[in-house]
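What follows is a short report on a single structure.
Protein chains: 2
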Amino acid sequence: MTRIVAFETTDIRFPTSLSLDGSDAMNPDPDYSAAYLRIVTDAEDDLSGHSLVFTIGRGNDVQVAALGVLAARLVGRELEPLLDDMGAANRALIGDSQLRWLGPEKGVMHMAIGAVVNALWDLKAKQAGLPLWQLLARMSPEDLIGLVDFRYLTNSLTPEEALEILRTAEPGRADRERELLATGYPAYTTSPGWLGYSDDKLASLCREAIADGFGQIKLKVGADLEDDIRRLRIAREVCGPDFPIAIDANQRWEVAEAIAWVNALAPFQPAWIEEPTSPDDVLGHAEIARGVAPIRVATGEHAQNRVIFKQLLQARAIDVMQIDAVRVAGVNENIANLLLAAKYGIPVCPHAGGVGLCEAVQHLSMFDFVAVSGTREGRMIEYVDHLHEHFVVPTEVREGVYVAPLAPGAGMEMKAESRIAHEWEAARVAG
Amino acid sequence: MTRIVAFETTDIRFPTSLSLDGSDAMNPDPDYSAAYLRIVTDAEDDLSGHSLVFTIGRGNDVQVAALGVLAARLVGRELEPLLDDMGAANRALIGDSQLRWLGPEKGVMHMAIGAVVNALWDLKAKQAGLPLWQLLARMSPEDLIGLVDFRYLTNSLTPEEALEILRTAEPGRADRERELLATGYPAYTTSPGWLGYSDDKLASLCREAIADGFGQIKLKVGADLEDDIRRLRIAREVCGPDFPIAIDANQRWEVAEAIAWVNALAPFQPAWIEEPTSPDDVLGHAEIARGVAPIRVATGEHAQNRVIFKQLLQARAIDVMQIDAVRVAGVNENIANLLLAAKYGIPVCPHAGGVGLCEAVQHLSMFDFVAVSGTREGRMIEYVDHLHEHFVVPTEVREGVYVAPLAPGAGMEMKAESRIAHEWEAARVAG
């Protein structure tokens, strides 16, 4: 019998605002940060479960406090019953009625629950000696269904329909796993596109992206239309007429403004418009989708839970669904999100970047390819070349594709020396 | 010149779970709690700004931590520029991009911002020597419009339309203020309806509610259909065939389940069905509204912000809108919510109870009557007779109506002795 004996949290912050990495129309000066979690057991295998919530600076301590409140739910508990039924573990955490009041199922408390779920998956995958994507992709359709909380989904996706999706994909799993190991998963890069970069830097980073083999780039837009036109023109000239260039407004616009602005950029043929308005505005996205077609609408990195994704799909408000590894309640809720996307035939192109998001979310896309949607067609994972050096198993992108990780775990374990070096000074002083 | 010199927070909890007060289908054992805030200045008037976020126990410390993070934005600042332009103060707090990442505009961080906004309003009203409702109801339509953040609203409500609503109500303000002072604002009571109460207690509390002059009662439902039928039958027998009895499922159901369950209760003529499903599910509420008509659908106590209310109204998903004083970003965002309801002609019947919610939200309904919707028709404020004794200006309900408060402030100041007596023990030990 193994017990959870410690639940360690760390407030980690990187001063990225100094270089304007990550700057966009809504987030001019992010300090990429992580509310970090490590679950420690008394097992002799010395394995621990790691995860994090990505934030952009101030408030990272609040996120750490939210993690801390969950420690009491776990420390002292037997590990096996939790890992043996991750569906029940997930539902128990989500279902705590007192904590639920703080959302429900959204924001700081929901992300904290997601981090605990993800840390347990990290531990489970390490115990199994498998990367998370492979662990999931080898579970039976029935066991996968048991992971999903279908509450509030059944008017759109029933457990029976979800099971059918997984069963349909089952026969091809082995072939697709081989294919994935041989050829990886497509990536696109946002590195050229931050608003704070100069035109020269933009142009040279576009050239670099193409030379590196990426199949798409993405540019931040939405602060100033003339600037956007100039920057898109530069990117289009460098990349050529057919290369996919997505644009991302980071929730900057009103609905009518989004439609007008995107149509003004239409001559540059954007591959999609991302986060045109509030992530809560399902009906607004639907209106925008109708107003900018055939340009596609993408969103999801700030979608708070599966109920929002359900509605975005029901309302035909998005053409591309962008899950995030740490915004929702972890792996379990993201499996629900992947199943919803599969039901509606919408491609999932995850949000990544930040701190550890590439490391984490690749597992979900690879699982999706092998065992859910069964395809990489029209799908790719965002890639930003920031901060990977701090991870024990850093993302490997070669010739524009994510190389499938083989190391056991869920990918978010940071190096001990990085955690120590980047622990927030105020937290160190206070602690 | 006055400066903010302190920002005090307190973790206050009441052990209400011991008596099953507040028990419902989703919240079996709430411990009513408050993340309490006091803003202190160096002015000689000795006035301070008080507010709170209501929670139901565990996690109240996370909410307190979120308040704490905002202290740095306020302590040391001049007070006058903040109070003189509460619209700008509100937008600056909401617009902090690093903190916004933790929502955006939802959950723990958003409620913390709301508490700061509300505490500033409390201070402003005390300085003016007016109760908040009167302070707001005497502002010009133009100044009121300046309080509202119209971001993400303009496809539904423009500043011009909102101004028109306020201008239309302006000529009748003085008459309605007199009327309000003379006759109060209608209340309904939820006291009989908690799930944990026995049938006898339910029946005697129904009798008491009618004797006390309330115009409506509300029963919790959703845990067990047979129980609901039995309890509704008892209530209907006691109250008679025409007395309004609302029912509240506290988010318990799937969409199809809600429609079937409510229709099974239709013979008892519920006045409305409240929170039938996830508060995030705009399209689900619209489906339910179509499926249970003519029974009305009500929701809003967990609506995270004005963008959700906007969509509930756009989709014709609700017949009754239930704002909450502390769920959204304070008085300013609730003015947006009132304006949205007025535009769509939907009555606002606020959520109350908890800790201090009656004390706070009555100001918004009274302001709405005097200066926004201009009517009390079909409107009432929830009332629960819990914990009022801890407030400096406790809610006064007489013969089923809220008596308009005349004491200066926004209503959420708790007595110092109550704050000390009910500070959470763990917090005291840790502190």
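Chains A and B supply the protein sequences, listed in that same order. Going by my numbering, the letters in the first sequence line up with residues 29 to 459, in that order. Going by my numbering, the letters in the second sequence line up with residues 29 to 459, in that order. Ideal Cβ placement from N, Cα and C applies to all residues, glycine included.
Looking at His330/B, Glu445/B and Arg204/B, the one whose alpha-carbon comes closest to that of valine 400/B is Arg204/B. With contact defined as three or more Cβ pairs closer than 8 Å, the stretch 144-152 of chain B and the stretch 323-337 of chain B are not in contact. Out of Ala286/A, Leu185/A, Leu175/A and Gly200/A, the CA that lies nearest to the CA of phenylalanine 397/A is found in Gly200/A. For methionine 349/B, there are no C-beta contacts with chain A under 7 Å, since the nearest C-beta of that chain is about 16 Å from it. DSSP places aspartate 256/A in the uninterrupted alpha helix (DSSP H) bounded by 253-267. Using a Cβ-Cβ distance cut-off of 8 Å, the stretch 417-433 of chain A and the stretch 181-198 of chain A are not in contact, since fewer than three pairs of beta carbons, one from each stretch, lie closer than that value.
Closer than 7 Å to the CB of leucine 311/A there is at least one CB belonging to chain B. Per DSSP, the unbroken alpha helix (DSSP H) holding glycine 319/A starts and ends at 310-320. Bounds of the beta strand (DSSP E) holding tyrosine 216/B are 213-221. For asparagine 362/B, there are no neighbours in chain A by C-beta distance under 9 Å, as the nearest C-beta there is about 17 Å away. Listed along the chain, the chain B residues whose CB falls inside 8 Å of the CB of asparagine 183/A are Glu282, Val283, Ala284, Gly312 and Glu315. Ranked by Cα distance from alanine 197/A, the options Gly402/A, Leu158/A, Pro378/A and Ile141/A are led by Gly402/A.
Apart from sequence neighbours up to five positions away, the residues of its chain that approach valine 429/B with a beta-carbon distance below 8 Å are Thr211, Gly212, Tyr213, Pro214, Ala215 and Gly241, ordered along the chain.
Counting along the chain, the unbroken alpha helix (DSSP H) around threonine 196/B starts and ends at 187-197.
According to the DSSP secondary-structure assignment, methionine 349/A is paired through a beta bridge with Thr327/A and Val376/A. Nearest CB-CB separation between asparagine 365/B and chain A: not below the 7 Å threshold. In this structure, the straight-line span from the alpha carbon of glycine 358/B to that of threonine 83/B is close to 15 Å. Under a criterion of Cβ atoms nearer than 9 Å, the residues of chain A adjacent to serine 306/B are, in order, Pro132, Glu133, Arg179, Tyr180, Asn333 and Val335. Interface criterion not met: the Cβ of tryptophan 452/B is under 7 Å from no Cβ in chain A. Within the stretch 380-432 of chain A, complete alpha helix (DSSP H) segments of at least 4 residues are found at 385-395, given in chain order. Residue-level contact by beta carbon fails for threonine 44/A and chain B, as no gap is shorter than 7 Å.
Only those residues of the stretch 73-90 of chain A whose C-beta falls short of 7 Å from the nearest C-beta of chain B are listed: Thr83, Ile84, Gly85, Arg86, Gly87, Asp89 and Val90. Closest in C-alpha terms to isoleucine 122/B, from the list Phe271/A, Asn55/A, His379/A and Lys246/A, comes Asn55/A.
Residues of the stretch 102-123 of chain A that bring their beta carbon within less than 8 Å of a beta carbon in chain B are absent altogether. With its beta carbon less than 7 Å from one in chain B, valine 136/A belongs to the interface. Residue pairing by DSSP places methionine 442/B opposite Phe419/B in a beta bridge.
Take histidine 418/A, set aside five residues on each side of it, and the residues of its chain with a beta-carbon closer than 7 Å to its own are Met442, Lys443 and Ser446, in chain order. With respect to chain A, the C-beta atom of asparagine 146/B has no partner C-beta closer than 7 Å. When 7 Å is used as the limit between beta carbons, histidine 414/A is near no residue of chain B, the shortest such separation being about 16 Å. Secondary structure of proline 298/A (DSSP, three-state): strand. Around the beta carbon of methionine 139/A, 16 or more other beta carbons lie within 10 angstroms, which makes this residue buried. Distance from the CA of valine 92/B to the CA of glutamine 91/A, rounded to the nearest whole angstrom, comes to 12 Å. For aspartate 276/A, there is no enclosing alpha helix (DSSP H); the residue is found in the beta strand (DSSP E) stretching over 273-276. With respect to glutamine 350/A, cysteine 386/A sits apart: the two C-beta atoms are not nearer than 7 Å.
Using a Cβ distance threshold of 7 Å, alanine 239/B and alanine 274/B do not count as a contacting pair.
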